[in-house]
Every structure is written in structure tokens, then in C-alpha cells.
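Peer 1: This structure is in C-alpha cells; I'll ask about it shortly.
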Amino acid sequence: MIMKVLLAMVVPVAGILIGLLYKGIDRILAARMQGRVGPPLVQPLRDVRKLLVKENIVPDDAVGWLFSSMPFVALVSVMAILLYLPLGITPVLEGYGDLILVLYLLIIPSLALVLGGFASSSPYASVGGQREMVKMMSYEFPLAIAVISVAWLLYSSGAENVFSLSVISGTHVWGLAGIPGLAGLAVIFLCMLFVIPGELGRIPFDVSEADSEIAGGIFAEYSGRNLALFYLADAVKAVAIASLAVALFLPYTVSGIFGLGGAAAPAADFLFHLLKVFFVLFVSSTVVRVVTGRLAISRVVSVYWKYPVILSFLGLLLIMGGTLI
Amino acid sequence: MEDAKKLKRLVKSVWVFNWFNSCGFTEILPVVGSRWDMERFGMIPVASPRHADCLIIAGYQTEKSIRRAQRIYRQMPKPAVVIGLGSCSMSGGMYWDSYNTIKRLSDYIPVDLYIPGCPPRPEAILKGIMSIFREVEDHA
Amino acid sequence: MVTMLSLPFVAVVILVCMSLAAMLFKRNMIKIVMAVHVMGSAVNLFLISLGYREGGVAPIFTNSPGGVMVLPAPQALTLTSIVINIAVVALMLSFAVSLYRRYGTMDTRKMRLKG
Amino acid sequence: MISTGMGSWSPLVFLICVAFISVVVQIIRSLGEGGFRKEEDKAEAFFSGGRLLIKNRVMDVYWGFFDAMGRYYGWMKRMHNGIVNDYVYWFVLLVTVVIGVVILL
Amino acid sequence: MMEHAPALVIAFPLFAAFASHLIGRLGSRIRDIWVFASLLLTWLFAVFLNLEVMQRGTYAYTLGADISSLASPAGFPVRIVLVIDGMSALIAFMAVSVTLASFIYSRRFMERVSGGGESADRYCSLVLLFLAGMLGMGLTGDFFTLFVFLEMTSISSASLVAFFRKGSSFEAAFKYMIISAINALFLLFGIGMIYSQYGLLNMAAIANEMVLNFSFLDKVALSLIVSAILLKLGSVPVHMWKVDVYQKVPSSVAVMCITSSLVGIYVLSRILFSVFFSMSALTGWMIVCLGSLSIIVGVSMALPQKDLKRMIAYASIAEIGYVMLGIGTGLAGMSSTFGTVALSGGVFHIINDALDLGLMFLIAGAVFYATGKTGISKLGGIAHRSASLSVLFIIGMLAVSGIPPFNGFVSKLIMYESVFCLNPVLSVIGILGSILMLSVFVKVFASVFLGSPYKGKFREIPLSMTAVMWIFALLIILLGLFPGLALDGLVSPAVEALLGHGIYMGVII
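Protein chains in written order, with my numbering: chain A, 456 to 780; chain B, 3 to 142; chain C, 8 to 122; chain D, 1173 to 1277; chain E, 17 to 525.
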């Protein structure tokens, strides 16, 4: 029990550091892909330290208490998600929350972003807020299908307590439903990867913080300390959504192969988990960020509701077919 | 925390807000580009003065646009740095004799650094910014 | 072959179809209210004809002439249903009249609550 | 603490963890600069240097969604036209569907 | 006196309704006290009903002849049986408490909006009639009494809809009255058909007879009754009347209209679980399909709305869709474990839905009270004027769309994880529905509450209205943090009551 409480203290803070680390790596790799040198690895940490020093301006017409509390809520809720996610080891709050809870907790940071944007009474921010809400509506559909179909795969292959994350990250999902199941799951994994840039607001879907169009969008009025909290929330959210994808689709552990016992096994699993998270983030957000340009908001809705939805429904049908045979 | 220590932190990651009229932007682009890459010093262009630490005012300013530039400067969270880019900001440049050009930028906004040139080459811009960094380093 | 016994049920079906047709196609509000009233009486007819017994006598027990009695329960139901039907139609007519006084039209297509 | 057959959820543990995390976040927040020195129109909303004339009116919200779902909302507008006859029409349709389903299946 | 509680629960509001006109002559203060005292007494009766049910389980209360064999001159028993079990006691308790809260809310609300005096008497008696009708529908074990109380609710709520005497309120009342008339007549048609088969009107007795022979006519009767109740509920194909009604009804009555649709859902589940339980697989699937359709159409139509109450009305149709999803899966999977879990999710969602959307309508009423407008484009920046309203709205918004710490999440979690076993697509529709619901309320919150300060006249919201809203909010938070309280205390007896149709029949015969 003490171990669990200790972990509950360490994991969120570690989440922040890992998030900043990934942000740094992401910026370096993106720069290298564009032939640039790219910032030093600790640049995100420097950005946060600089933002903390700056003045924290609250606009006159803004609803003060809401404007300043939303960054706080965003960061707290994102760090809370990490407690429920299996970071290689079994989740810290193992029996106290499940997959649907994580899915809903992922809504809160974007909701805090939107409310913060609307509360800042600037036209840029309210346009950014509406766009973020429309984006949330569009990427939640394929995300829900992906999550439910993995749970259905486990349910139909006879596992109990299907929605609890330790069971999901414990079983090897790929071989469960034969060839059609495998194909369906691959399609759904693709859709999940396609959702991640939308969830994080990376380039093809950064319609809500579009610098060129709406001058910083939701963050137009945020500065100093509040902006630092949003910056950290975005960093931690990348880790959270990527480790959810890893938990669902890549639940393999390393400690078995190397035969490590005792304290080394969880450490090795944790590191391997970080590697997998890096791989997912690199493929889904860094490469896509460098390659594509920004989409118009109505295109975002049709892009998310046309192709990934049909694909993941197809995947779900394949899985259902697979389990029947 | 006095200004010097704040500036030391600020220098490590300068977020730049460009207020450009004419040739200024064409010169900022290569600085952001892959050859001169200002991001290796932690500098990224941002869209809103609320995020900005460094306001680069490029090109000549008219009676109307200087009022907006002043309001943007006031809306930037302090401590902040202002850089006048090109000879137009120093002395009105080649538009010096027109009726509405602002002759000296520092009459309206406290300018920390002027970078001469019409337009200044990217190396000149980077050299200017480096001089600010060095000055902050020695000062602290 | 429509026997004498099932004649009322055929009448009920015709009445219900007529009132539904009126409700679907008539634009005037008063006509719709009349259609509702017609449907109400159709249902009452249906209830009454349920309780009918061949050669039955009115179900009054005090010094009744004896013999087969018509079932009393449906008649009780019909009584309440008639009363309710009147209340409903009266309320609808009052709404229609006040609506006409304010909107100036009886046409259901010119209503303002839509979308 | 409730547990459905498939998963479980305990609000109290969630609240305890959120309380603890908000202490940590408050520490991070206290590292930063709280207020700002009031200047002439420093706290004015940023509008590319100009002055906001029409105060913030949230107009035509979710334009992107309606634009992308144009056809669907066309049907919906026709379906919800507020005419009583159509309400009865939909009810008659529902009755026939329900009778059909109950009798045939 | 207390063993007559079931009859008194219905009779007392009826008596109070007609007495309130007389007492209104003496003075409005006295009439308020009288109505409040009678509502409180009815509330005590309802609480006593719940305690009695917890003690004795399902029991019947007969008006008229006690034993069925006691022959009246005509050779058959003349009696009406009120059956009280876990579910009906819960619904009765909910109806009375919501009416009590909405009455306290409406004292100051109606004063500003429609002026006191004679119309306030009418308001009080109509509200009490509405309550008596809902309680009657909740507690009867007899088809025809169900029809009579259904009519009573529709007539009293229609005249409440037309309370503001404006053009559009009459239009909404007219549409509502036509729909209720058709609904009642089709219900009576179905009851007549069943009566022709079995000569019985009592639900449990019919269920007992029906187990043996289930003929073609019963199927037609079932479909007529179910579609009539669906019309009363406002599930998708026939939901448009509900939107007009909720837009034009005074907000304090809108809260009661939500509870009357939930009583409608109780009646639907009573009929499908306890009477026509042999057809449960088919009807279960039908309710599930209509429920998911309601979620999709309800939420997607709520997005482009321009009027505050009309938007919340569409949201309430989506919430009814969620409850139908839970109840339908309970029906379809009657024998399996996930069916019971889904049913308990559905019943718990009834309580949550009544609280969440009730709070939303009260806030809409408070905004209308303060500014006199309900159009979204005309309002803005109210958060500057009253912070408590915006905090309440945030709580309500998060609760309705099911964000974790609040009660909406608990019932949706239970439902998704059990509806999932019936068909995974239903859970997907549920999750999508809750995210769209969240965006509906964010749009309302942004355009009504945030933005630059509201310029127009902003009347201060009186303490009684804020107190009621805060009670709703505290209940939402309490149910969110301690769901076990409601789940074991109120929901599980109701679920057993619904599933145990054997006990239900046993009480009568």
C-alpha cells in the first residue's frame, strides 16, 4: 500500500518531466527533418522557466476566476490520467478506474482549454474555442470506436473485467481473433494513430491555436504563468494519449524476455513503455507535423467522420467476424 | 526577482513577435529557415504579443501603424526587448521625406537594438540578437 | 363476410381511418380538433361493442327483467372516456381560439415554433 | 466504490488523488509571477493592435460542424417543421413500424 | 392513517389542488403556506411508501372490494388495485420531491413573470393536479386508471404550458393537447383490445392470464400501447411536440415535465417488464434502437439551436434516449447478468437525468427571470453579473455530459459497460452522444455566460431560487461522489421489482 501511495506521488511529477523530454525530442527531430539544427534538448524546460518569470496578464473583459482556473484544471486533470494508465507496470490506481474513465478524463483538458479560450473575451480566442470544440466532436467518434472494439475483442474471447486497464494491457490482443481479427485490429490501430495528432492539436489539426489565422487562437490572451501551465498540460497530454494507445495495441513487456526479476523487471518494463510511447508519438505526430499543412475546420470534421469512422467500423466488423469463426 | 535575473532566463528562450510592414518580413523568413535557423537559440516566432518576449519592428512605420505598434508594445508582458530592423526604423530610410513616415522609432517605443541595413541580411539580424545575449550575459 | 356482430368493429375502423386522414391532411386547426373528437367517439364505440351480448338487457340490477345482461364494465369505461374526451376537445378549442386571436390564422402551416 | 461487471470506478480515490495533484500544481504555479503592472491599455484584448469595437459576440458557433454536416441538417430541418399534421404523420409511421415489427418478428 | 398512504399520496394533492382556489380567496400568503404544507405532507407519504416497500417488499393496496372473490351483485369484483413496489415508490418519491423543489422555485419566479393574485391560484392548483396525475400513473396496477391519470397529467400540463397567454405558448399547448389526445385514444384502443381478450383490466391479472395464451390480438394491443407510451415519452420519431412544449412552458414547470416523461418511462418499463414480459427480447431491441436514435437526433438537433430552453429540450430528448438504452438492454438481456446491470444503470440514470436537466431548466429560468430574454444571441457575459449562476451551470453541464466526478458519469459508465455486451455500437453511440452534449452546453455557456459584461438590466436572482438550484447541485455532487448510496438504497430494489414479475403477479392473485 505504501508503494502505491509513493507511486501515486511520483508518477504525475515524472509525467511532467517525461512530457517535456518528449517535447524536446519532438522539436529536435522535426528540425532535423527540415534540415535545421533544432533547439537544445532542454529547450521546453527553458521555455517553461521563462514563462514563469513573465507577467501574467488577465484581460479586463475576461471572467477572471474562470480565466485563471482553467490552466490549473487542465494540468491537474491531465496528471490525474497518468495514474489510471498502465505505464508498462500495472496502473497505479489499478482497481479504481477503467478505460471509459480514461476516455472521459481525456476530454477535461481540451474542455478546460475551450472554456479558458471563451473566458478570455478575445475574438481570436472564441473562434479558437469553437474550433477546438468542433475538433473534439470529430476525433472522439473514431477514438470511441477504437476503444470499444478492443474491449469487444477481449470480451468475445472470454476475458472478464474487460474494461479494466490492467486486463487490457495484460493480454496480447493481436492474435486473439485470427486473421480477420488481426486485419481489423491493424485498421483500428491506424485510426488510433490518426486520432492522436487531432487530440494533441499538432500541425494538420492545430486549427484552434492556428498562429497564422487567428493569432494564437485559444492562447491569444494567455501569458506568463497561465501559459506555462497550459504548456505543461499539452506536454503531459501527449504522454497520456500515447500511453493509452500503447496500452490498447502494444501491450508487450520486455522483462519476460530478459528474464529480469525483482526490482529490475518493472524498471525495464517502464523504460520499454517509454520507448513504445516515443515510437507512437514520433510516427503519429512528429512525422505528420513535418509533412502536412493545416486543414480548414470543416475539412477536419469530414476528414475525421468519413475515413477513420468507416475504417474503424470495418475493423470492428472484421473483429466481430473473426471472433465468430 | 530583479530584472537582470529575469533577462538571464529570458535570453535562453526568446519568443519573437514580428510587426513587419515591408521588407522586414522577407528578411525574417531566412532567419527562421533551415540555413540560419534561429530555433537553435530557442527562438520561435509567435502570433500574439501576450506570448512574445521580443518585438521586432521591421520596415517604415506610418502615423496610423505606429499607434498599433505602441499598443502592441504595451500589451506585451514585461520584461521584453524591442528590436528596430532596417534603416527605416532608424531614420525613416528611403521614405524619410514622405509626410507620414515615422523618422525615429525610439521617439514612440523604447527600442533596445537597431539593426542597420536596407534590408539587413539574416547574418546581421542574428549578430544583433547575439549582441543582446552577450550584453545580458556580461551584465548579470 | 361481414356478420351482423362484427359490423360495429368495421365502423370503428372506418371512423379511425377517416379521423387519421383528416388529421394528416387538413390544414385548419378546428378540423383537426373535430377529427380528434371523431376518433374519441370511434374508441367509445369500440369499447361499447366489446361488451355487447346477443339479446342483452341493460345492466341495471334492481328489478331487472332477467335474461342475459350486457357487460357493465365497458360501459363504465366509456362513460369516463366520454367525459375526458369532452374536456380534451374543449381545451383544444379554447387554445385554437386564443391562437387565432393572436396569430390571426387557423392554418397549421403558419406556426412559428419550428426548427 | 462501484463496480459493474466489466470495470470499476471509485470517486473518492479519484478526489484524493486530484487533491494531492492540485497541491503539486499549486506549488508549480506559485513559482511563477502572479500579477502584472497595470498600464494604459495593457489589459485590453489583443486585436492586432486595433481597438475592439464590437465587444465579443459569440456568433455562428460551430460553423465548421454544420458546414461539414450540411446534408444531414437539411433533412433535420425538413423533419422538424413544426406543423401538427407532420407530428401525427410521424406517429402513424411509428405505429405501423411497431405493429410490423411486433407481428412479423 | 399511515397504512392508507398509497391512496392518500394520490388523493391528498387532488384535494389540495381544489382547496387551493378556495384558500386563495383568503390571501396569497396563506395559499402558499397551504400548498407548501400539502406538498410537504405528500412528500412524507411518499417517503413512508419507500420505507414500507423496503420493509414489506411489493404490496398492493385495494380501493373497493378487498378480496377478489367478494362478488358484487354482478358477479365480479369492483375494485382498483394500487401496486407499490421498489420502482413505483422510487418514481413517486422523485415526482413529489421535484414538485416540491419546483414549487419553492416558482414562488418568486411566477411573481415577476406573470403577476400574483388569481393566476397564481390557477398555477398552484394546476401544479398539484399535475402531481396527482403523475403519482396516479406511478402507483396504479390497473390499465384504465393509468389511462385516466395519463389524461389528467396531459390536461393539467397543457394548461400550464399555455400559462403565459402568449401566442406561441398557445401554439405549443395546442400541439401538446392534440398529441396527448391521440396518445390517450390509442392507449384506450389497446386497453379495449386486451379487455376483449381477457375481460380484465388489472395488469397483474392480465399478465397471469397472458402467460398461457398469447394471441395475435394481444400483439396488436401491445404495439398500440407501446407506441402510445413512446409518444408520451417523446422518443425520436415523435419528439417534436416535446421541444415546442419545453420552450414555452414556465421553467419551474419544465422541471416537472421532465419528471413526467420519466414517469412515462416507468410506465413503459412496468408494461414491458411485468405484463408483456414474454415478448421482452423483441421489445427490448426495439426500445434500444429507438433510444440510440433519440440520442443521435436529440444531440445533433440541439447543436444549431438559437433558443436556450429549446436547446435544453433537445438535450432532454437525448437523455431520455440514454434511459431507453439502459431499460431496453435490461429487457433484451433479461436473463443474463449484463441485463440487470444495464437496468440498474438505466434506473440510476433516471434519477441523474431528473436532477441534471432539472438544474439546467432552473438556470434557464433564472436567466429569463434576470434578463427577460432566452434567445442566445441576445444574451452574453452574465458570468460577470452573477458568478453563482455560472458555477451552477458548469456543475450542471459537466453532470449532464457525464464528466467523471459527477453523477452523470456513474450511470453512463454502468450503462456503457453493460449495453456493450448487447452490441458494441451502442456504447460508441453513447460516448459520441455525451461528447456532443458537452459541446451543446459549452456553446450555451460561451454565448450566454462568457464574453464582455452584460449591458442590459439584470434583476438580482432571489434567494429562494438560488437555494433550490444549489440543492440540486449539491445532490448532483453527492450522488456523484457516493453513488453507492443511491445504487443500493433506491436503485437495486427498483431493479428487483421490475425483473421480478412473478412477485408482481403474486401480490394480486
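We treat Cβ as the ideally placed atom computed from N, Cα and C, and that holds for glycine. None of these values were measured; they are calculated from a predicted model.
For the region 556-603 of chain A, list the alpha helix (DSSP H) runs that are entirely contained and at least 4 residues long, ordered along the chain.
Peer 2: Correct list: 562-574.
Peer 1: Let me see if you follow: with CB-CB separation under 9 Å, is residue 260/E close to chain D or not?
Peer 2: Yes, its Cβ sits closer than 9 Å to a Cβ of chain D.
Peer 1: Find the nearest neighbour of residue 361/E within the set 414/E, 291/E, 434/E and 387/E, judged by alpha-carbon distance.
Peer 2: The shortest C-alpha separation from residue 361/E is found at 434/E.
Peer 1: Along the chain, where does the beta strand (DSSP E) that runs through residue 379/E open and close?
Peer 2: That residue, residue 379/E, is in no beta strand (DSSP E); its alpha helix (DSSP H) goes 353-387.
Peer 1: Which of the three DSSP states is assigned to residue 1175/D in this structure?
Peer 2: Looking at residue 1175/D - three-state DSSP - the assignment turns out to be strand.
Peer 1: Does the distance from the C-beta atom of residue 441/E to that of residue 771/A stay below 9 Å?
Peer 2: For residue 441/E and residue 771/A, yes; Cβs fall inside 9 Å.
Peer 1: Along chain E, which residues have their Cβ under 7 Å away from the Cβ of residue 618/A?
Peer 2: Within chain E, the residues near residue 618/A are 433.
Peer 1: How would you list, in chain order, the residues of chain E whose beta-carbon sits under 7 Å from the beta-carbon of residue 559/A?
Peer 2: Within chain E, the residues near residue 559/A are 418, 419, 420 and 425.
Peer 1: Please state if the CB of residue 484/E and the CB of residue 378/E are separated by a distance shorter than 9 Å.
Peer 2: Yes; because the gap between Cβ atoms is below 9 Å, this pair is in contact.
Peer 1: Using 8 Å as the cut-off, can you tell me whether the region 79-97 of chain C makes contact with the region 44-61 of chain C, which would need three or more C-beta pairs spanning the two stretches below that distance?
Peer 2: Flag = yes, the region 79-97 of chain C and the region 44-61 of chain C touch.
Peer 1: Check whether the Cβ atoms of residue 528/E and residue 315/E lie closer than 9 Å to each other.
Peer 2: Absent from the structure is residue 528/E, since the part of chain E shown begins at 17 and ends at 525.
Peer 1: Count the other C-beta atoms from every protein chain shown that fall within 10 angstroms of the C-beta of residue 739/A, then say buried if there are 16 or more, exposed otherwise.
Peer 2: That one is buried.
Peer 1: Does DSSP put residue 112/C in a helix, in a strand, or in coil?
Peer 2: Note: residue 112/C maps to coil in three-state DSSP.
Peer 1: Leaving out five residues on either side along the sequence, give the residues of the same chain with a beta carbon under 6 Å from the beta carbon of residue 570/A.
Peer 2: Correct list, in chain order: 525.
Peer 1: Specify the secondary structure class of residue 474/E as computed by DSSP and reduced to three states.
Peer 2: Three-state result, residue 474/E: coil.
Peer 1: Cβ of residue 22/C within 9 Å of Cβ of residue 65/C?
Peer 2: The answer is no: Cβ separation not under 9 Å.
Peer 1: Using only the alpha-carbon positions, how far apart do residue 187/E and residue 500/E sit?
Peer 2: Spanning the two alpha carbons is a distance of roughly 44 Å.
Peer 1: If the criterion is Cβ atoms closer than 9 Å, does the pair residue 729/A and residue 623/A meet it?
Peer 2: Not in contact: residue 729/A and residue 623/A (Cβ atoms no closer than 9 Å).
Peer 1: Using the beta-carbon of each residue, which ones in chain A are nearer than 7 Å to residue 8/B?
Peer 2: Residues of chain A passing the Cβ test: 508.
Peer 1: When you compare the CB of residue 264/E with every CB in chain C, is at least one pair closer than 9 Å?
Peer 2: Closer than 9 Å to some Cβ of chain C, the Cβ of residue 264/E qualifies, so yes.
Peer 1: Since residue 115/B sits in a beta bridge, which residues does DSSP pair it with?
Peer 2: Answer is 85/B.
Peer 1: Using a C-beta cutoff of 9 Å, does residue 113/B count as contacting chain A?
Peer 2: By this cut-off, residue 113/B is not an interface position.
Peer 1: Chain A beta carbons: is any one of them nearer than 9 Å to that of residue 1246/D?
Peer 2: By this cut-off, residue 1246/D is not an interface position.
Peer 1: With DSSP collapsed to three states, give me the class of residue 481/A.
Peer 2: In the structure shown, residue 481/A sits in a helix (DSSP, three-state: H, G or I).
Peer 1: Is the shortest distance between the beta-carbon of residue 585/A and the beta-carbons of chain D less than 9 Å?
Peer 2: It does; some Cβ of chain D falls within 9 Å.
Peer 1: List, in chain order, every chain E residue whose beta-carbon is nearer than 7 Å to that of residue 676/A.
Peer 2: Simply none; closest approach about 12 Å.
Peer 1: Start and end of the alpha helix (DSSP H) containing residue 195/E?
Peer 2: Its alpha helix (DSSP H) spans residues 183-214.
Peer 1: Can you give me the start and stop residues for the beta strand (DSSP E) that residue 60/E sits inside?
Peer 2: Element bounds for residue 60/E: not the beta strand (DSSP E) but the alpha helix (DSSP H), 44-72.
Peer 1: List, in order along the chain, the chain A residues whose C-beta lies closer than 9 Å to that of residue 41/B?
Peer 2: Simply 482, 486, 491, 492, 493, 494 and 498.
Peer 1: Taking 9 Å as the CB-CB cut-off, is residue 18/C touching chain E?
Peer 2: So no, residue 18/C is outside the interface.
Peer 1: Examine the Cβ distances between the region 593-613 of chain A and the region 641-651 of chain A and report whether three or more of them are shorter than 8 Å.
Peer 2: The region 593-613 of chain A is in contact with the region 641-651 of chain A.
Peer 1: From the DSSP output, read off the bridge partner residues of residue 20/B.
Peer 2: In DSSP, residue 20/B forms a bridge with 58/B.
Peer 1: What does DSSP give as the partner residue(s) for residue 1180/D in the beta ladder?
Peer 2: Note: residue 1180/D sits in a beta bridge opposite 1175/D.
Peer 1: In chain order, which continuous runs of the beta strand (DSSP E) of length 3 or greater are located wholly inside the region 680-709 of chain A?
Peer 2: Here no run is fully enclosed.
Peer 1: Can you check whether the C-beta of residue 657/A is within less than 9 Å of a C-beta belonging to chain B?
Peer 2: Output row for residue 657/A: interface = no.
Peer 1: Quick check: what's the CA-CA separation for residue 25/C versus residue 206/E?
Peer 2: Those two C-alpha atoms are separated by around 19 Å.
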